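K.L.:
Structure below; questions to follow.
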Amino acid sequence: MNLNVIKQAKSLRALWASVFAVFLLISTVQIQAEQQIAANAGFGGTGFITEDPTNGFGGTGRASSGFGGTGVIGTITEFGSIWVNGIEIGYGDLSQISSDLITEDTLKLGQQVILETMPNDQKALTKQIHIYYPVAGQITSATKDRLVINYEHAVKFDDQTHIDEGLALKEGNYVAVNGYQTEQGHWQATRLNVNSEQKTFYHPLPTKSFSDEIKKVVIESSLKQLSKWQGLSTQTLTNQNLKGERVVLEGVWKNGQMIPEKVSAYSEVIMQPMSMNPKHLPMVPSRHDMQELKDQRSQFEMMQLQRDQNANMKDQVEQIQQLQDLQDLKSQIDQMQNMRNPLSN
Numbered sequence: 003m004n005l006n007v008i009k010q011a012k013s014l015r016a017l018w019a020s021v022f023a024v025f026l027l028i029s030t031v032q033i034q035a036e037q038q039i040a041a042n043a044g045f046g047g048t049g050f051i052t053e054d055p056t057n058g059f060g061g062t063g064r065a066s067s068g069f070g071g072t073g074v075i076g077t078i079t080e081f082g083s084i085w086v087n088g089i090e091i092g093y094g095d096l097s098q099i100s101s102d103l104i105t106e107d108t109l110k111l112g113q114q115v116i117l118e119t120m121p122n123d124q125k126a127l128t129k130q131i132h133i134y135y136p137v138a139g140q141i142t143s144a145t146k147d148r149l150v151i152n153y154e155h156a157v158k159f160d161d162q163t164h165i166d167e168g169l170a171l172k173e174g175n176y177v178a179v180n181g182y183q184t185e186q187g188h189w190q191a192t193r194l195n196v197n198s199e200q201k202t203f204y205h206p207l208p209t210k211s212f213s214d215e216i217k218k219v220v221i222e223s224s225l226k227q228l229s230k231w232q233g234l235s236t237q238t239l240t241n242q243n244l245k246g247e248r249v250v251l252e253g254v255w256k257n258g259q260m261i262p263e264k265v266s267a268y269s270e271v272i273m274q275p276m277s278m279n280p281k282h283l284p285m286v287p288s289r290h291d292m293q294e295l296k297d298q299r300s301q302f303e304m305m306q307l308q309r310d311q312n313a314n315m316k317d318q319v320e321q322i323q324q325l326q327d328l329q330d331l332k333s334q335i336d337q338m339q340n341m342r343n344p345l346s347n
């Protein structure tokens, strides 16, 4: 009988060791699975959002594909990704957003941005976005549709101009302007931004240039601004029968120089197709629509958080139960060990 007790105790100890090893293996597999899910979800170190590559811009002949390795300068007209010059460009939380205004800036409708897409013709993706503010400084004169910045730069705005919430357009306040320069020399604002650090500068041309990785460019600007670009043939611009001053230039980027191939009126490239094909195009959302989208996203994130918490609680309960089973098993082994010791004595 003593021999049977000893054999039973040894069997229980072996069983306990096996169970503990299985438990460790399960935990390791769970951790690896969670790490793999975390790497695949979101942006996984790439800095890019994975979007449906078939998403296009109906009616304009533009889409997210075919614009890899492109230098882009233009106005943000839509979010999710961002839409610039009719091109859908993907970016993510790890993408760097910079500007001459503040260290960490945020993207908003109406801002001009400068970026380079990755060499991928299936989807236009970028890992760095620079927000371009041509004018920043103190408001020295203000009317219902016109500002003067630093006593010398006239800025016009209208009901199409986006304005930061809480920004008071009055003398003494500081502002940063996104927009384009007209033939009259003033600036037409596409967005007026809070200038909390009271920066003062004047950059009529972009302060960032494209790298040698870029092969082509799509640039929104005005004829007046483009005429100041070094190495750009003004004859190409003046020979165009264009409507309005705001244009989109498409061309080749070679040896740091821009070689134009096509110049189109902005209204024909962007605004007119949007008005003609409203069912196919993501229109610029109103502030109410944006708030509603934010609310829906917050609700979705809250529901997702609750689901994750419930799943975590379930896992914790199962782990606690497994630990309890192990503790019970260990108690049985201890009892068998105690039974064996007196018998061996």
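Counting from 1, position 187 in the sequence shown corresponds to residue 189 in the numbering used here; the numbering is continuous, with no gaps.
We treat Cβ as the ideally placed atom computed from N, Cα and C, and that holds for glycine.
All of these numbers come straight from a predicted model, not from anything done at the bench.
May I ask you to verify whether the region 203 to 214 touches the region 168 to 175, counting CB pairs closer than 8 Å and requiring at least 3?
P.N.:
Too few Cβ pairs lie closer than 8 Å, so no.
K.L.:
Which residues in the same chain as I216 place their Cβ atom closer than 8 Å to its Cβ, once the five residues preceding and following it in sequence are excluded?
P.N.:
Cβ within range, chain order: G71, T72, G73, E118, W255.
K.L.:
Can you tell me whether DSSP reads N152 as helix, strand or coil?
P.N.:
Note: N152 maps to coil in three-state DSSP.
K.L.:
At which residues does the beta strand (DSSP E) containing L117 begin and terminate?
P.N.:
114 to 118 is the span of the beta strand (DSSP E), which, as asked, contains L117.
K.L.:
Alpha carbons only, please: which of I116, M120, P121 is nearest the one belonging to I133?
P.N.:
The option with the nearest alpha carbon to I133 is I116.
K.L.:
So who's on the other strand from R203, going by DSSP bridges?
P.N.:
The amino acid occupying residue 203 in the given sequence is Phe; Arg does not appear at that position. Paired residues: A138.
K.L.:
Out of A126, N312, T108, Q259, point me to the one whose CA is closest to D214's CA.
P.N.:
The shortest C-alpha separation from D214 is found at Q259.
K.L.:
Look up W189 in the DSSP assignment and give the residues it is bridged to.
P.N.:
DSSP lists V157, Q183 as partners of W189.
K.L.:
Nearest-angstrom Cα distance between D102 and D310?
P.N.:
Computed Cα separation, rounded: 40 Å.
K.L.:
Would DSSP call Q162 helix, strand or coil?
P.N.:
Looking at Q162 - three-state DSSP - the assignment turns out to be coil, as it is neither helix nor strand.
K.L.:
Indicate the three-state DSSP secondary structure (helix, strand or coil) for A313 in the structure shown.
P.N.:
Reduced to three states, the DSSP call for A313 is helix.
K.L.:
Helix, strand or coil: which one does DSSP assign to L103?
P.N.:
Of the three classes helix, strand and coil, the one that applies to L103 here is coil, per DSSP.
K.L.:
For the alpha helix (DSSP H) containing K210, list its first residue and its last residue.
P.N.:
Unbroken run through K210: none, as it is neither H nor E.
K.L.:
According to DSSP, which residues form a beta bridge with V220?
P.N.:
Bridge partners of V220: V74, E252.
K.L.:
Report the CB separation of V177 from I141 in whole angstroms; it is logged as a contact under 8 Å.
P.N.:
Their Cβ separation, rounded to whole angstroms, is 6 Å, which keeps V177 and I141 in contact under 8 Å.
K.L.:
Could you pull the DSSP bridge partners for P121 from this structure?
P.N.:
For P121, which the question treats as bridged, DSSP gives no partner whatsoever.
K.L.:
Hey, quick one: how far does the alpha helix (DSSP H) through K264 stretch, first residue to last?
P.N.:
Looking at the DSSP string, K264 is not in any alpha helix (DSSP H); the run it does join, the beta strand (DSSP E), is 259 to 267.
K.L.:
Select from D166, N197, V250 the residue whose C-alpha is nearest the C-alpha of V219.
P.N.:
Considering only alpha carbons, the answer is V250.
K.L.:
Could you spell out the range, first to last residue, of the alpha helix (DSSP H) harbouring K226?
P.N.:
Looking at the DSSP string, the run of the alpha helix (DSSP H) that includes K226 is 225 to 228.
K.L.:
Considering Cα atoms alone, identify which of F69, D147, Q200, M120 is closest to I165.
P.N.:
Ranking the options by Cα distance to I165, first place goes to D147.
K.L.:
From which residue to which residue does the beta strand (DSSP E) around V86 run?
P.N.:
Counting along the chain, the beta strand (DSSP E) containing V86 begins and ends at 84 to 86.
K.L.:
Taking buried to mean at least 16 other C-beta atoms within 10 Å of its own C-beta, is K125 buried or exposed?
P.N.:
Counting Cβ neighbours within 10 Å, K125 comes out buried, since at least 16 surround it.
K.L.:
So, at 6 Å on beta carbons, what are the nonlocal neighbours of F203 in its own chain, with the 5 sequence-adjacent residues on each side left out?
P.N.:
Taken in chain order, the residues that qualify are A138.
K.L.:
Does DSSP classify L96 as helix, strand or coil?
P.N.:
Here L96 sits in coil by DSSP.
K.L.:
Assign P121 to buried or exposed, taking buried as 16 or more other Cβ atoms, counted over all protein chains shown, within 10 Å of its Cβ.
P.N.:
With fewer than 16 other Cβ atoms within 10 Å, it is exposed.
K.L.:
What does the alpha-carbon distance come out to for the pair G181 and M304?
P.N.:
Spanning the two alpha carbons is a distance of roughly 37 Å.
K.L.:
Check each candidate in E270, E90, I272, E252 and name the one with the smallest Cα separation from E263.
P.N.:
The shortest C-alpha separation from E263 is found at E252.
K.L.:
Could you work out which residue in I89, G92, W85, Q321 is closest to L111 when comparing CA atoms only?
P.N.:
Per the Cα distances, W85.
K.L.:
Since K89 is in the beta strand (DSSP E), which residue starts that stretch and which ends it?
P.N.:
Note on residue identity: the sequence assigns Ile, not Lys, to residue 89. Note, I89: beta strand (DSSP E), 89 to 91.
K.L.:
Tell me whether Q339 is buried or exposed, calling it buried when 16 or more other Cβ atoms sit within 10 Å of its Cβ.
P.N.:
Looking at its Cβ environment, which holds fewer than 16 other Cβ atoms inside 10 Å, Q339 is exposed.
K.L.:
Does the beta-carbon of I78 have 16 or more other beta-carbons within 10 angstroms, so that it is buried, or is it exposed?
P.N.:
I78 comes out buried.
K.L.:
Give the single residue among N257, K230, E90, I104 whose Cα lies nearest to the Cα of N197.
P.N.:
Taking only the C-alpha atoms, the option nearest N197 is I104.
K.L.:
Ignore the nearest five residues each way along the sequence and tell me which others in E247's own chain have a CB closer than 8 Å to its CB.
P.N.:
For E247, where only same-chain residues beyond five positions count, the Cβ hits under 8 Å are Y182, T184, E185, S224, L225, K226.
K.L.:
Suppose the cutoff is 6 Å on Cβ atoms and the five residues either side in sequence are ignored; what does the same chain contact list for A191 look like?
P.N.:
Contacts found: V157, F159, T163, V179, G181.
K.L.:
I'd like to confirm the pairing. Which residues does DSSP put opposite S143 in its beta bridges?
P.N.:
Paired residue(s): V150.
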